[in-house]
Amino acid sequence: MTRIEEVKQVAILDVAASLGYFFRQLTGQVYEHPEHDSFRIFADTNTFKWFSRDIQGDVIDFVQLVAGVSFKEALTYLETGNFEQIKVREETYQPFRYYLPEEPFRQARAYLNQVRGLSDDTINTFGRQGLLAQAHYQTKNAQESVLVFKSYDHKGVLQGASLQGVAPNPNHDRGFLKKIMKGSHGYIGTSFGIGSPKRLIFCESVIDMMSYYQLHQKHLSDVRLVSMEGLKLSVIAYQTLRLIAEQQGKVEFLETIKPSRLAHYFHAIKDTTTYFKTHSDLIILAVDNDKAGREFCQKIRNKGFPIQQDLPPLLKIETKADWNDVVKKQSEVSLAEVIHSAQTQILNSNAPPKTQPMLEM
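Going by my numbering, the first residue of the sequence shown is number -19, and it counts up by one from there.
Rendered as structure tokens:
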């Protein structure tokens, strides 16, 4: 066992307590921070994950995060402390199982057209890459038709899906069902390729990604659009490593990386190579123009990664905008123009005939 492997056996709960962090037991092996319910420790794998910040890792990463120290300092702290050693269960990743019976795409298309303002051309383009479906979703208490957004990995294997209700439902918090299917591997993201990708454009949702495409398609070439389903560094890390591996013909390298180590390799490329210096336009963040989106962009910059920002414009006195807002505004303008044109034609066709002036002798 190597030095680092031995250190990773140090009980993360003991370490947390030594640093003044006392996690309460949530279930058998899951512990939760008393003030941050999305910050959890998994005792059986000796790992942690802070879901709301998309931060995860092992006991070394934990010390670096909460103590604000370097990798070397964290290693020293763990080696010199009097901590319990445990037998760590290896992380296992179960294959995603897609079990929803699919239906004709009629309601889903109507939702994307009428509610989201997306054109048939846009819908068909994304559909051709297998990213969209309509399915029947059922629970013990209810059932409804849903729009499915599918997530594929670098081998084209389905690794997850998110669901969007297509009809209003008062039983859901936001009026429509929104759900990520159980077992989805959230670090993959939903990606849409154009040409031979050399750049990555990240959006917060698939509908935002489709909206961005509809607005910018004439200027998009050799690019991969990616939906993060939120603001996730793990998706940026995976898709960046994927693109680099594809460019270098070493896609098999991705098979050796555990999802919990994606951020580690992402940082390692920055710290040990000149790749990001010579590819400063690689990552474009087309996230929501709101406080969370802007802070996320700044967080990535603060980590030393060169990024470009492409945020939707704020309209009038609005404090938040996403790319679908822009599409819907354009649809409203287009509809208003059609109505105005029709009204003008009606007025002209019903106008009284012009009288011809009589010639005076």
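Just so you know, even glycine gets a beta-carbon here, dropped at the ideal spot from N, CA and C.
Computed from a prediction, not measured in an experiment: that's the story for all the values here.
| query | result |
| --- | --- |
| Whole angstroms is fine: what's the gap from Lys309's alpha carbon to Gln109's? | 27 Å |
| Just grab the DSSP bridge partners of Cys183 for me. | Ser207 |
| I think Val128 touches Ala147, with their Cβ atoms under 8 Å apart; what is that distance to the nearest whole Å? | That belief does not hold up - the Cβ atoms of Val128 and Ala147 are roughly 15 Å apart, past 8 Å. |
| If you reduce the DSSP assignment to three classes, tell me which class Glu82 lands in. | strand |
| For Asp290, which residues from the same chain have a beta carbon less than 6 Å from its beta carbon, with the 5 sequence-adjacent residues on both sides left out? | Ile264 and Ala266 |
| The beta strand (DSSP E) that contains Gly173, what's its start and end? | Thr170 to Ile174 |
| Assuming Gln219 contacts Gly169 (C-beta within less than 8 Å), just tell me the rounded distance between them. | 6 Å |
| State whether the stretch 232 to 239 contacts the stretch 266 to 277, with contact taken as three or more CB pairs (one from each stretch) at a distance under 8 Å. | no |
| Which same chain residues end up closer than 7 Å to Glu59 when comparing Cβ atoms and leaving out the 5 residues on each side of it in sequence? | Val(-13) |
| Compute the distance between the beta-carbons of Val203 and Ile181, then report whether it is under 8 Å. | yes |
| Among all the DSSP beta bridges, which residues are the ones paired with Thr236? | According to DSSP, which records beta bridges pairwise, Thr236 is partnered with nothing at all. |
| Could you tell me whether the stretch 62 to 69 touches the stretch 41 to 48, using the rule of 3 or more Cβ pairs below 8 Å? | no |
| Just to confirm my understanding: we take Lys250, look at its own chain, exclude 5 residues before and 5 after, and list those with CB closer than 7 Å. What are they? | Phe256, Gly284 and Phe285 |
| Return the Cβ separation of Val(-5) and Phe42 in integer angstroms, given the expectation that the two are a contact with Cβ distance under 8 Å. | 7 Å |
| Grouping DSSP H, G and I as helix and E and B as strand, with all else coil, what is Phe2? | coil |
| Which residues in the same chain as His134 place their Cβ atom closer than 8 Å to its Cβ, once the five residues preceding and following it in sequence are excluded? | Arg222, Ala225, Glu226, Val231 and Leu234 |
| Buried or exposed for His116, please, with buried defined as at least 16 other CB atoms from any protein chain shown within 10 angstroms of its CB. | exposed |
| Could you name the residues of the same chain whose beta carbon sits closer than 7 Å to that of His76, not counting the 5 residues immediately before and after it, in chain order? | Correcting the residue identity first, residue 76 is Phe in this sequence and not His. Leu138, Gln139, Gly140, Gly163, Ser164 and His165, listed in sequence order. |
| Is Leu295 near the ligand ATP, with its Cβ less than 7 Å from a heavy atom? | The ligand content of the structure shown is nil, which means the ligand ATP is not present either. |
| Excluding the five sequence neighbours on either side, which residues of its own chain have a C-beta within less than 6 Å of the C-beta of His199, listed in chain order? | none |
| So is Gln36 buried or exposed if we call it buried at 16+ other beta carbons inside 10 Å? | buried |
| So, under 8 Å CB-CB, Met190 and Leu98 are touching, yes? Tell me the CB distance rounded to an integer number of Å. | 6 Å |
| For the alpha helix (DSSP H) that Ile264 lies in, which residues bound it at each end? | Element bounds for Ile264: not the alpha helix (DSSP H) but the beta strand (DSSP E), Ile263 to Leu265. |
| Considering only the alpha carbon of each residue, which of Cys277, Phe172, Arg96 and Thr254 lies closest to Ile187? | Arg96 |
| Over the uninterrupted alpha helix (DSSP H) stretch that includes Arg274, give me the two end residues. | Lys271 to Asn282 |
| By DSSP, does Thr220 sit in helix, in strand, or in coil? | helix |
| Can you give the beta carbon distance from Ala217 to Ala243, rounded, assuming they're within the 8 Å contact cut? | 5 Å |
| On the three-state DSSP scale, how would you describe Ala47? | helix |
| By a C-beta neighbour count over all protein chains shown, 10 Å radius and 16 as the cutoff for buried, is Pro150 buried or exposed? | exposed |
| Hey, Gly173 and Phe156: beta-carbon distance below 8 Å or not? | no |
| Could you tell me the distance, in whole angstroms, from the CA atom of Ala113 to the CA atom of Asp101? | 16 Å |
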